[in-house]
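All the letters of the first sequence, read from the start, carry residue numbers 127 to 996 under this note's numbering.
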Amino acid sequence: MKYNFKKIEKKWKIKHKKFNFFEINKNSKKKFYILNMFPYPSGYGLHIGHTIGYIFSDIICKYKSGCNYNVLNPIGFDSFGLPAEQYAINTTKHPSYIIKKSIKKYKKQIKNLGVFFNWDKEINTIDKNYYKWTQWIFIKLFNSWYDKKKKKARNIKKLINIYKKKKKWNCLKKKEKNKILNKHRLAYLKNSFVNWCSKLGTVLANDEIKNGKSERGGHKITKKKMLQWHLRITKYSDKLLNGLKKINWPKNIKNSQIKWIGKRKCFYINIKINKKYKTKIFYFKKKKNINNIIINTNSYIYELLIKFIKKKYKKKVINIVKKINNNKNYKILIKTNIINKNKKKINIYISNYKNNKSIKNIYLNVKNSKNFLKIKNKLTLSIKKNFYIKSFFLYFKKKKKIIYNLNDLIFSRQRYWGEPIPIYYIYNIPYNIPYNKLPLKLPYINKYISKYKNYKFKLNFYYKWAWDSINKKIVENKFIDIKKKIYPLETSTMPSCAGSNWYYIRYIDNNNNNKIISNNKEKYWKNVDLYIGGSEHTNGHLLYSRFCLKFLKDIKVINYYNEPFKRFINQGIILNYSFSIFKLIKKKKFISYDLIKKYKKKIQKIYIEKKFIINNNELNINFFLFKNKNYKNFIFYKKKKFLCYKKLEKMSKSKLNIIKPNKIIDKFGIDVFRLYQIFIGPFNKKKIWNLDKIKGIKRFINKLLLIFKNNKEIIKKKPKKEDKIILNNIIKKVYKNYKKLLLHISISYFMKTINIFIKKKIKNKYILEKFIILFSPFAPYISEEIWEKLGHKNSIFMEKQPKIYNIYYKKKIKYIIMLNNKKKFVIKINKVNNNKKYIINKIKCNNNFFYKKKIKKIIFIKNKILNILI
RNA sequence: GCGGAUGUGGUGAAAUAGGUAAACACGCUAGACUUAGGAUCUAGUUCUAUAAUAUAGAAUUAAGGGUUCAAAUCCCUUCAUCCGCACCA
């Protein structure tokens, strides 16, 4: 029988449409909530990295269902954020149109994986019924403060009551009241230095920046002072730290959470520029003397410093900084009269020194400035004695202090495509939109982009963005009038983490319009039992989600659990080779990879697709030109062959090394594709994409089909003991690997068992049935087909996972006999004779390898080993 | 610079919380078969010796040392690779 997967898949896809998988154990008391991080629907569609996660969760979901669990395996889409918006600007189409199209594509592809998702639970962050609750949580945060004594968040009204008792609260002006409240609110406004990207026109979080440039687009980032919404996540530092003890997460993820929170006792130094401008504090484990201070030219501290340099020298410094910014690793020395403890003068350097990846604002003479001091390019400003920055001084405190790394989360973005922050301002004092008027809908305007193409894509350009607080609705900007009680609305939107902070809660009760989640449902489903996700933004996402939950628990939205994700497994990235060629800048010349050394500075790297490559890394020039006609007149510089640069890299759209699952599925079928993705290696480790090994899976499937080829050969008889033992072994192995989440090992045991079945010609129906049930989560369609051929009408997924046979067998015990720590042979012994004397005698009878020799020692470990030392 | 991992054949990898290293699969070599297919089957695939389809011996889990009857697994040092990092560590 040839494996006609297309026919089988088509048949079962139709049957599965009517099949209510998630209803099977609806009334079971045991629940299992498994969750994949929801995808960002980019226009490019699914790639291999996505599918492996879905397949993985699906297998576990099907297995758990077979173990009588009521399972939940939902999926949704995280659709707000920069990528869609950037794409929208480029294509002049509205982001919601792009997102809708992408989601359609995603859904189609996901459904083609043989995966069961609870599609009725689907959520989408841009859905107004979803972001209504995101905004609701924000207002709750805005109206809460953290009570240190009670160690939880409470309503801001209670804080006002406390103030009323203590002070003359009512005599204070509104602005003063606001100032005080703003210091306590969990969502609050603060002027702070932010990563500003002028090209994108927005603030970015630290994890949105890579190598000092924006992750999306690679634009320059500067530090800028701006009024921003913050979440007071720092108040929860201790809770976030303690919660880690109880959950089953990988060590490295836990560690980086601990590091991020960074609780420790330290000595500290304060750097002030003058009374008004404080900078951050610097901490040391031990007391240290300060010999020099290094200030980065890209930092905000430098900008401040410039303000306080005397006018005469200001231009000089700025000019020099301009010059050195174009060079690598330069430093300028400014001599000062600040004296440290050893009565030595402290020098200030201004430098464009970069330490590996991160831009640091300031370096002190700690270990990491060693490299800095090696810099040879050095300028010294000729500075007169009286020139130094008077107001720049240091504090060194002797006392130890408990400090945290964690900073409050900056929670606003100056962009259009996000959840609007439900706040309006009266005389610059923020007030929230009433709860019952949520959602504050994101305005949709046609032709928006073409009309305002030259503007930044921002909310305040909408003509309709003001709040009428009498009629409680959104009105046009031009009506803003304090007398008529029409006020300006907040123009920033929330960052993309806002929607993903709490989404796992919403899946459980996604259609509830009155509450985020009903009590009953929360009590039953509780938290996520197994959370599966990629490694990209894991750390931030997990921390913010945990913070969000702890807050929701304080305000009693959540009552029955403390941590969002009980167990977490990190999905390893899949690497693939990328190919690139080099072009001379501004010239029509390509240069072979072995010749580029000469042109080092003048070349530009262009990624190309793999289909243009022959013989490992040679470019097929004719084919390349045929497909890329804009390079028609270009010259190819080469010796003999034109070589490309081949590199193993993370799959990415820009590097043209993405593998799309569709082609593979078309060629080999869904089941083979599923098995292959799991078999490729441990789920949590990085993998290199290589299709070679898919043959093994194909052969395995063929062998499997061979067994079930002739229905007549399959015997309905009580299975033999031997056969039962074989089945027991595989069941045990597979179950154990489910616990450890090592599914790839299970597949190798399936292969092994099939080999044994063929060798021993096992054709017993009961044995084979149990085997195929055990196997069904891995390859659903083929299992269903075989199940049907065995004469069953129900879906195989209605069946329970097999139990281990109770066999009473006089098990012979295996002993490994070792001589001087080396294995000699293995003997089998009946249970009755399981003792040292018997075994030694037996060996003496059969072997004479230690005859006439003195035995130093015999080590006997019951049921395992006998080691003889001579 | 700091922190966290990881290191097993030509390749992907297994090895019960110290107890037969390399299961399972890919690749390769040789042969068979045929409906000439990205097909299937059989055997081999660390090294050495011999009386050679067997037997015996030796080496081996990045390198070196330690603990132990016994280490891929535990401890120490070094090297290499990867990941994270915001001022500190």
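The C-beta atom is built at its ideal place from N, Cα and C for all residues, glycine as well.
In whole angstroms, what is the alpha-carbon distance linking residue i and residue j?
i	j	result
Lys-483	Ile-306	Legend: pLDDT at Lys-483 = 35, less than 50; position of this residue unreliable, value from coordinates given subsequently. About 39 Å.
Pro-621	Ile-823	44 Å
Phe-883	Ile-833	8 Å
Asn-487	Thr-348	Low confidence applies to Asn-487: its pLDDT is 47, below 50, so where it sits in the model is not reliable enough to give any reading.
Ile-827	Val-798	8 Å
Arg-693	Phe-158	12 Å
Ile-790	Tyr-941	47 Å
Tyr-687	Ser-704	45 Å
Glu-149	Tyr-189	15 Å
Phe-131	Lys-141	15 Å
Leu-894	Gly-192	17 Å
Leu-330	Lys-765	46 Å
Lys-758	Phe-749	12 Å
Asn-374	Trp-628	20 Å
Asn-989	Ile-939	6 Å
Lys-878	Lys-829	11 Å
Lys-598	Pro-560	8 Å
Lys-274	Asn-296	24 Å
Ile-249	Gly-202	5 Å
Lys-812	Ile-806	10 Å
Lys-773	Pro-787	22 Å
Lys-144	Pro-548	42 Å
Leu-745	Ile-922	50 Å
Lys-234	Arg-800	17 Å
Leu-868	Ser-874	11 Å
Trp-259	Asn-378	32 Å
Ile-288	Asn-637	39 Å
Ala-905	Val-241	10 Å
Excluding sequence positions up to five away, which residues of its chain have a Cβ less than 6 Å from the Cβ of residue i?
i	result
Ile-684	Leu-678
Trp-138	Tyr-907, Glu-910
Gln-730	Lys-709, Ile-711
Tyr-272	Ala-279, Lys-361
Pro-845	Asn-890, Tyr-892, Ile-893
Could you please give me the residues that DSSP links to residue i through a beta bridge?
i	result
Tyr-272	Ala-279
Met-944	Lys-949, Asn-993
Gly-202	Ile-249
Val-241	Answer is none; Val-241 lacks a bridge partner.
Val-654	Phe-691
Asn-374	Arg-693
Lys-772	Phe-705
Within a Cβ cutoff of 7 Å, which residues of the same chain sit near residue i, ignoring the five residues on either side of it in sequence?
i	result
Ile-134	Tyr-907, Ile-908, Glu-911
Phe-673	Ile-359, Tyr-362, Leu-366
Tyr-530	Thr-360, Ser-363, Ile-387, Gly-388, Lys-389
Lys-278	Asp-680
Asn-946	Leu-995, Ile-996
Lys-776	Ile-699, Leu-701
Cys-623	Gly-666, His-667, Tyr-670
Asn-308	Tyr-314, Leu-315
Phe-738	Leu-745, Asn-746, Phe-749, Phe-750
Taking the continuous beta strand (DSSP E) assigned at residue i, which residues delimit it?
i	result
Ser-704	700 to 710
Ser-318	313 to 323
Phe-131	Per DSSP, Phe-131 belongs to no beta strand (DSSP E); it is in the alpha helix (DSSP H), 131 to 143.
Which residues mark the beginning and the end of the alpha helix (DSSP H) in which residue i is found?
i	result
Arg-800	796 to 805
Lys-682	Careful: Lys-682 lies outside any alpha helix (DSSP H) and carries neither H nor E.
Ile-849	The identity of residue 849 in the sequence shown is Asp, whereas the question assumes Ile. Counting along the chain, the alpha helix (DSSP H) containing Asp-849 begins and ends at 847 to 866.
Gln-383	377 to 387
Pro-209	208 to 217
Asn-961	Per DSSP, Asn-961 belongs to no alpha helix (DSSP H) and is neither H nor E.
Round the Cβ separation of residue i and residue j to the nearest angstrom and send it over; I've been treating them as touching at under 8 Å.
i	j	result
Tyr-633	Lys-247	5 Å
Tyr-613	Tyr-550	4 Å
Cys-770	Ile-804	No, Cys-770 and Ile-804 are not in contact; Cβ-Cβ is about 32 Å, not under 8 Å.
Leu-239	Ile-796	6 Å
For residue i, which residues from the same chain have a beta carbon less than 8 Å from its beta carbon, with the 5 sequence-adjacent residues on both sides left out?
i	result
Tyr-864	Ile-186, Tyr-189, Ser-872
Ser-318	Lys-351, Met-352, Gln-354, His-356, Ile-536
Ile-194	Correcting the residue identity first, residue 194 is Asn in this sequence and not Ile. So the list reads Asn-151, Ser-154, Lys-156, Lys-926, once near-sequence residues are dropped.
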